[in-house]
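This report concerns only the one structure given below.
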Amino acid sequence: MSIRKSQVSLEVKGLDNISLLERICNENCNESYNEFVNRFYDDVFDECQKKCKSRNIDLHIGRQIAHEVFERVKKYKSFDKTKLKNAKDERKPF
1 MSIRKSQVSL EVKGLDNISL LERICNENCN ESYNEFVNRF YDDVFDECQK KCKSRNIDLH
61 IGRQIAHEVF ERVKKYKSFD KTKLKNAKDE RKPF
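To convert, note that position 56 of the sequence shown is 56 in our numbering; the numbers rise steadily by one, no gaps.
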């Protein structure tokens, strides 16, 4: 299981987070998914590591959970922006 950062076009790179997620859900666009991973992997991975440390769980499990988060986004494509509580800063992580 490996998620790696890759190059994407300037068009996709310039999308705000909401537009990027909508594009992932509405199109079968690997480039958009790759940009999503580039933006959020480090934050998700760090948060998973913190949770594992606080619960005395092997850090490898945190990496696995981070990978599964991104795989689920790609698989289920169920983002609904109407359920967002605070979307004022569209480049800020959710």
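Each residue gets a CB set at the ideal place from its N, CA and C atoms; glycine is no exception. Because the structure is a prediction, the values reported are computed rather than measured.
Hey, E35 and V12 are a contact pair by Cβ (cut 8 angstroms); roughly how many whole angstroms apart? 5 angstroms
In chain order, what residues of the same chain have a beta carbon less than 6 angstroms from the beta carbon of Y33, not counting five sequence neighbours either side? I24, K74
Classify G62 as buried or exposed, calling it buried when 16 or more other Cβ atoms lie within 10 Å of its own Cβ. buried
CB contact flag (V69, V44, <7 angstroms): yes
Starting from N56 and walking both ways along the alpha helix (DSSP H), at which residues does that stretch end? It is not in any alpha helix (DSSP H) - N56 carries neither H nor E in the DSSP assignment.
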